[in-house]
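Reminder that position 580 of the sequence shown reads as 580 in full-length UniProt numbering, one-by-one numbering, no gaps.
The beta-carbon is built from N, C-alpha and C at its ideal position, and this holds for glycine as well.
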Amino acid sequence: MPSAATVAGSRRPENRGGTTKLRPGRRRRSTPPAACDGAAPRPRVSIVSASLGGGHDACAAELARRLRATGYQVDVHDYLGMFPLRFGWFVRRLYALELAVAPRSWGFVNWLLGTRPLVWLIGVFTMLAAGRAMRRAVRGSVAVVSTYLGANPLLGRMRRRNLDIPVLTYLTDISVHPLWIAAGCDTYLTPHRVTIERAVTLGATDVRLVGPAVRPEFTGAGADPGDARRQFGLPATGRLALVAGGAWAVGDVARTAADIAATGAATPVVLCANNEELRAAITATGTGIALGWVDDMATLIRACDTVVTNGGGVTAVEATELGVPVVVYRSLPGHARANAAAFQTAGLARWARSEAELADALRAPVPPRTEQGAPDPAAVIAAATGLPVHVPVARRRVRRLAVTGALVVAGAWLATGGTTVAVAHGFQSLRPDATGVYLVVDLPTDRPAGADVLADLAEMHAGLAVTHDLVVRQPETVRAAARAGVRLLNAGSGRPYETGLVARRYAIGDTARRVRELTGQPPAALVSNGEIDPIDLASAAWVHERILVPNRVAHAGTSIAVSPGQVLLVEFPADDASVDTGLVAVGRNIHSPVLEIA
Numbered sequence: 001m002p003s004a005a006t007v008a009g010s011r012r013p014e015n016r017g018g019t020t021k022l023r024p025g026r027r028r029r030s031t032p033p034a035a036c037d038g039a040a041p042r043p044r045v046s047i048v049s050a051s052l053g054g055g056h057d058a059c060a061a062e063l064a065r066r067l068r069a070t071g072y073q074v075d076v077h078d079y080l081g082m083f084p085l086r087f088g089w090f091v092r093r094l095y096a097l098e099l100a101v102a103p104r105s106w107g108f109v110n111w112l113l114g115t116r117p118l119v120w121l122i123g124v125f126t127m128l129a130a131g132r133a134m135r136r137a138v139r140g141s142v143a144v145v146s147t148y149l150g151a152n153p154l155l156g157r158m159r160r161r162n163l164d165i166p167v168l169t170y171l172t173d174i175s176v177h178p179l180w181i182a183a184g185c186d187t188y189l190t191p192h193r194v195t196i197e198r199a200v201t202l203g204a205t206d207v208r209l210v211g212p213a214v215r216p217e218f219t220g221a222g223a224d225p226g227d228a229r230r231q232f233g234l235p236a237t238g239r240l241a242l243v244a245g246g247a248w249a250v251g252d253v254a255r256t257a258a259d260i261a262a263t264g265a266a267t268p269v270v271l272c273a274n275n276e277e278l279r280a281a282i283t284a285t286g287t288g289i290a291l292g293w294v295d296d297m298a299t300l301i302r303a304c305d306t307v308v309t310n311g312g313g314v315t316a317v318e319a320t321e322l323g324v325p326v327v328v329y330r331s332l333p334g335h336a337r338a339n340a341a342a343f344q345t346a347g348l349a350r351w352a353r354s355e356a357e358l359a360d361a362l363r364a365p366v367p368p369r370t371e372q373g374a375p376d377p378a379a380v381i382a383a384a385t386g387l388p389v390h391v392p393v394a395r396r397r398v399r400r401l402a403v404t405g406a407l408v409v410a411g412a413w414l415a416t417g418g419t420t421v422a423v424a425h426g427f428q429s430l431r432p433d434a435t436g437v438y439l440v441v442d443l444p445t446d447r448p449a450g451a452d453v454l455a456d457l458a459e460m461h462a463g464l465a466v467t468h469d470l471v472v473r474q475p476e477t478v479r480a481a482a483r484a485g486v487r488l489l490n491a492g493s494g495r496p497y498e499t500g501l502v503a504r505r506y507a508i509g510d511t512a513r514r515v516r517e518l519t520g521q522p523p524a525a526l527v528s529n530g531e532i533d534p535i536d537l538a539s540a541a542w543v544h545e546r547i548l549v550p551n552r553v554a555h556a557g558t559s560i561a562v563s564p565g566q567v568l569l570v571e572f573p574a575d576d577a578s579v580d581t582g583l584v585a586v587g588r589n590i591h592s593p594v595l596e597i598a
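This is the structure in structure tokens:
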């Protein structure tokens with residue numbers, strides 16, 4: 001899952017320090033440790049990023065630059081490239097398409113990805129799909145650093161099992177999504193105090209305040225604002241508002257520019273990145289100054305009076321480091337909106353929720369309150385590489401296979417025999433009173449049942465097994481039975497009352513629907529032969545029916561002996577012309593009283 005940082009940066013991913021930048025969905029090969037003139041190889045640190053937007057890679061590149069400057073060899077790996085079958089490329093394209101076509105849906109998806117069951121499933125899936133590639137990537141390293149939250153569930157699981165190096169996480173978002181916090185990850189680094197509070201609330205135990213992972217040009221002295229404006233051909237006078245929609249220029253960037261222009265408080269300078277369609281639209285409407293891809297972001301930010309962003313990611317952090325006021329406006333749903341709230345709480349930015357608030361923020365910008373004196377994140381990472389590390393004991397293969405086999409056997413039994421036993425003992429099922437017998441009658445479907453037959457069924461408190469053939473061929477019989485007070489039961493496709501894979505389960509739902517249409521009420525229960533699986537339970541729950549399992553099946557005209565507490569199913573052959581006589585015989589042979597279902 002991408003973070004807000006991925007849509008907040010506006011610089012092109014760079015090739016720095018020998019790291020090979022490949023297309024998303026491809027693997028990067030880790031270079032072997034270098035040794036010069038017989039000297040010991042430099043210790044290596046692996047950084048795991050993701051090619052989603054530019055924020056994750058920007059932080060990873062800066063951490064790598066600082067670590068190399070202190071003597072470490074650094075390999076940066078694209079997490080999306082570790083998955084087989086170009087799965088990472090698919091995730092990247094799907095995320096970009098969602099933000100472009102249905103950005104509001106990302107709010108729900110972002111919430112869903114933070115639920116506990118899905119977090120666990122993501123950890124299991126990534127271990128199976130990318131675990132081997134991750135182990136190869138970090139082999140020989142003294143530490144691994146994550147700048148992408150999607151990699152944390154996998155790294156945490158590996159750390160708890162047999163990864164004997166510390167796992168550190170640089171939180172690229174000021175807000176903290178639950179995916180960031182994974183059991184097994186040792187240390188979390190963040191440049192914001194408000195982030196520490198949120199991470200501890202989610203279960204992190206070691207969270208440290210560090211300086212921001214931004215390039216040096218964002219922290220030192222730079223070009224004069226006037227010189228910066230001339231460098232980009234911007235107006236020498238008047239207030240300028242830099243509009244940033246991230247490395248992909250996503251969101252309502254054009255509407256944001258139009259709203260800024262409408263306030264009259266500033267002239268919008270729109271970063272269109274590689275979005276040529278956006279650049280053409282801004283130029284055509286004349287609502288602002290459209291710029292393409294910009295490499296010198298520090299100079300451009302210095303040239304403007306305010307930065308307006310919809311993500312609250314790396315661009316917002318860089319602007320605050322330069323002392324330029326930040327306004328979050330038309331924030332993207334999900335984590336970007338959480339970032340906006342966190343930035344405002346920390347006093348680093350203003351969150352404008354309306355055009356009026358936007359105008360106020362542009363006319364009276366508030367300078368950010370940045371942290372001072374926090375340690376360099378690279379120094380904290382370097383210190384962690386020298387700490388003693390607890391090495392978890394690797395599980396024995398035989399034990400692992402035994403546990404896996406036991407789980408498979410238990411799961412198969414629960415899906416078949418276990419479900420049958422549970423239903424037989426009353427789970428989601430109906431049973432008669434212990435002193436009575438419940439009678440179910442399966443009538444022929446080739447002719448309608450007479451009023452006297454239906455009256456007999458009602459008198460004996462019997463249920464009518466309504467099969468799919470009966471409800472299709474004899475709808476009047478079903479309607480008349482309901483009027484006579486006969487309890488209607490869903491028998492699906494009929495004898496032998498199995499559900500099957502597709503057709504028979506379809507018959508269950510279709511029969512229930514037709515009974516509701518004919519009588520205005522659903523069937524009271526689902527008649528089954530007792531071979532129940534979880535899909536059967538789901539099918540019955542879908543049509544709001546409990547399950548009735550006959551424990552005695554007999555044909556009309558045979559000797560019938562039942563015991564109290566049983567469910568008796570009586571089947572009449574299709575060519576039986578004496579249904580009424582057969583019912584009388586059935587009633588006479590049942591000596592215990594016929595009672596209602598308990």
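Taking the beta carbon of V101 as the centre, do at least 16 other beta carbons fall within 10 Å, making it buried, or is it exposed?
Translated into positions along the sequence shown, residue 101 becomes position 101. Counting Cβ neighbours within 10 Å, V101 comes out exposed, since fewer than 16 surround it.
Do the region 189-208 and the region 327-343 meet, that is, are 3 or more Cβ pairs less than 8 Å apart?
In short, these stretches touch, since the Cβ pair count reaches three.
State the Cα-Cα distance for the pair P365 and W248, rounded to the nearest angstrom.
Here residue 365 corresponds to residue number 365 of the sequence shown, with the count starting at 1. Here residue 248 corresponds to residue number 248 of the sequence shown, with the count starting at 1. For P365 and W248, the distance between alpha carbons rounds to 26 Å.
Which residues bound the alpha helix (DSSP H) around A340?
Taking the first residue of the sequence shown as 1, we reach residue 340 at position 340. Per DSSP, A340 belongs to the alpha helix (DSSP H) from 335-345.
Suppose contacts are defined by Cβ-Cβ distances below 8 Å. Is T299 in contact with A223 by that definition?
Stepping through the sequence shown from its first residue, residue 299 is reached at position 299. Stepping through the sequence shown from its first residue, residue 223 is reached at position 223. Their beta carbons are under 8 Å apart, which means T299 touches A223 by this criterion.
Could you give the C-beta distance for A349 and V324, rounded to a whole number, given that I count them as a contact under 8 Å?
Taking the first residue of the sequence shown as position 1, residue 349 is located at position 349. Taking the first residue of the sequence shown as position 1, residue 324 is located at position 324. About 10 Å separates the two Cβ atoms, so there is no contact after all.
For the candidate residues G313, E476, A383, whose alpha-carbon lies nearest to that of Y148?
Residue numbering aside, residue 148 sits at position 148 when the sequence shown is read from its first letter. Ranking the options by Cα distance to Y148, first place goes to G313.
Which word fits S528, buried or exposed, when buried means at least 16 other C-beta atoms lie within 10 angstroms of its C-beta?
In the sequence shown, counting from the first residue as 1, residue 528 sits at position 528. Buried, by the Cβ-count rule.
Mind checking who D360 pairs with in its DSSP beta bridge?
For this step, residue 360 is matched to residue 360 along the sequence shown. Its beta-bridge partners do not exist; DSSP assigns none.
Got a sec? Which residues, its chain only, sit under 6 Å from E217 by beta carbon, not counting five neighbours each side?
The residue you call residue 217 lines up with position 217 of the sequence shown. Only A298 meet the Cβ criterion.
Using CA coordinates, which residue listed in E476, Q474, A491, V472 is at the minimum distance from G463?
Within the sequence shown, the letter at position 463 stands for residue 463. Selected option, being the one with the closest Cα: A491.
With three or more beta-carbon pairs closer than 8 Å as the criterion, would you say the region 481-488 touches the region 450-470?
yes
When you compare only the Cα positions, how much space is there between G494 and A507?
Looking up residue 494 in the sequence shown gives position 494. Looking up residue 507 in the sequence shown gives position 507. Cα to Cα, the separation comes out at about 9 Å.
Apply the 10 Å Cβ neighbour rule to L67 and answer buried if 16 or more other Cβ atoms are within range, or exposed otherwise.
The sequence position of residue 67 within the sequence shown is 67, counting from 1. Label assigned to L67: buried.
Which of the three DSSP states is assigned to R350 in this structure?
Start at 1 with the first residue of the sequence shown, and residue 350 comes out as number 350. Residue state, collapsed to three classes: strand.
By how many angstroms is the C-alpha of A281 removed from the C-alpha of L52?
What you label residue 52 is simply residue 52 of the sequence shown in a count that begins at 1. What you label residue 281 is simply residue 281 of the sequence shown in a count that begins at 1. Those two C-alpha atoms are separated by around 25 Å.
If you draw a straight line from the alpha carbon of Y72 to that of P43, how long is it in whole angstroms?
Taking the first residue of the sequence shown as position 1, residue 72 is located at position 72. Taking the first residue of the sequence shown as position 1, residue 43 is located at position 43. Between the alpha carbons of Y72 and P43 lies a gap of roughly 5 Å.
What number of angstroms, rounded off, separates the C-alpha of F83 from the C-alpha of P550?
The count along the sequence shown starts at 1 and reaches residue 83 at position 83. The count along the sequence shown starts at 1 and reaches residue 550 at position 550. Each residue's alpha carbon lies about 51 Å from the other.
Give me the Cα-Cα distance between L113 and R546, rounded to the nearest whole angstrom.
For the purposes of this step, residue 113 is taken as residue 113 along the sequence shown, with counting starting at 1. For the purposes of this step, residue 546 is taken as residue 546 along the sequence shown, with counting starting at 1. Each residue's alpha carbon lies about 33 Å from the other.
Just the C-alpha distance for R214 and A316, rounded to the nearest angstrom, thanks.
Taking the first residue of the sequence shown as 1, we reach residue 214 at position 214. Taking the first residue of the sequence shown as 1, we reach residue 316 at position 316. In the sequence as displayed, the identity of residue 214 is Val instead of Arg. Rounded to the nearest angstrom, the two C-alpha atoms are 11 Å apart.
Sort A481, E321, N310 by Cα distance to H335 and report the nearest one.
Position 335 of the sequence shown, counted from the first residue, corresponds to residue 335. Ranking the options by Cα distance to H335, first place goes to N310.
Rounded to the nearest angstrom, what separates L97 and R239 at their Cα positions?
In the sequence shown, counting from the first residue as 1, residue 97 sits at position 97. In the sequence shown, counting from the first residue as 1, residue 239 sits at position 239. Going by the C-alpha atoms only, they are around 34 Å apart.
Taking only three categories from DSSP, how would you classify T309?
Locating residue 309 in the sequence shown gives position 309, counting from the first residue. Strand at T309.
Once DSSP output is grouped into helix, strand and coil, what is the label at T267?
Sequence index remark: in the sequence shown, residue 267 carries index 267 (1-based). Strand at T267.
Kindly indicate which residue of A284, V270, R279, A356 has the alpha-carbon position closest to the one of A303.
One-based indexing of the sequence shown puts residue 303 at position 303. Nearest option by C-alpha distance: V270.
With L242 and V328 assumed to form a contact (beta carbons below 8 Å), what rounded beta-carbon distance in angstroms separates them?
On the sequence shown, position 242 is the one that residue 242 refers to. On the sequence shown, position 328 is the one that residue 328 refers to. With 8 Å as the limit, L242 and V328 do not qualify as a contact, their Cβ atoms being about 13 Å apart.
Taking the alpha carbon of Q474 as the point to measure from, which residue in L526, D446, A244 has its own alpha carbon closest?
Position 474 of the sequence shown, counted from the first residue, corresponds to residue 474. Looking at the Cα atoms, D446 is the closest of the given residues.
Which one of N152, S354, N275 has the shortest CA to CA distance from A130?
For the purposes of this step, residue 130 is taken as the residue at position 130 of the sequence shown. Checked all of N152, S354, N275; the closest Cα to A130 is N152.
Where does G373 land, buried or exposed, given buried means 16+ other C-beta within 10 angstroms?
As a working mapping, residue 373 is identified with position 373 in the sequence shown. Flag for G373 reads exposed.
Should S46 go down as buried or exposed, given a rule of 16 or more other Cβ atoms within 10 Å for buried?
For the purposes of this step, residue 46 is identified with residue 46 of the sequence shown, where counting begins at 1. It is buried - the Cβ of S46 has at least 16 other Cβ atoms within 10 Å.
Enumerate in chain order the residues of its own chain whose CB-to-CB distance from H177 is below 8 Å, with the five nearest sequence positions on each side excluded.
As a working mapping, residue 177 is identified with position 177 in the sequence shown. Excluding positions up to five away in sequence, the list reads M1, S3, N110, L113, G114, L149, H335, A338.
Can you tell me whether S49 is buried or exposed? The criterion is at least 16 other CB atoms within 10 Å of its CB, across all chains shown.
Taking the sequence shown and counting its residues from 1, one reaches residue 49 at position 49. Result: buried.
For a quick check, are the C-beta atoms of V144 and V138 less than 8 Å apart?
Working through the sequence shown from its first residue, we reach residue 144 at position 144. Working through the sequence shown from its first residue, we reach residue 138 at position 138. In this structure, V138 lies closer than 8 Å to V144 by Cβ.
Is it true that the CB of R161 sits closer than 8 Å to the CB of C185?
In the sequence shown, counting from the first residue as 1, residue 185 sits at position 185. In the sequence shown, counting from the first residue as 1, residue 161 sits at position 161. No.
Rounded to whole angstroms, what's the CA-CA distance from L362 to P333? Just pull it up for me.
Position 362 of the sequence shown, counting from 1, holds the residue named residue 362. Position 333 of the sequence shown, counting from 1, holds the residue named residue 333. Their Cα atoms are separated by approximately 23 Å.
Here's the rule I'm using: 16 or more other beta-carbon atoms within 10 Å means buried, otherwise exposed. How should L128 be labelled?
One-based indexing of the sequence shown puts residue 128 at position 128. Taking all protein chains in view, the Cβ of L128 is surrounded by fewer than 16 other Cβ atoms within 10 Å, so the residue is classified as exposed.
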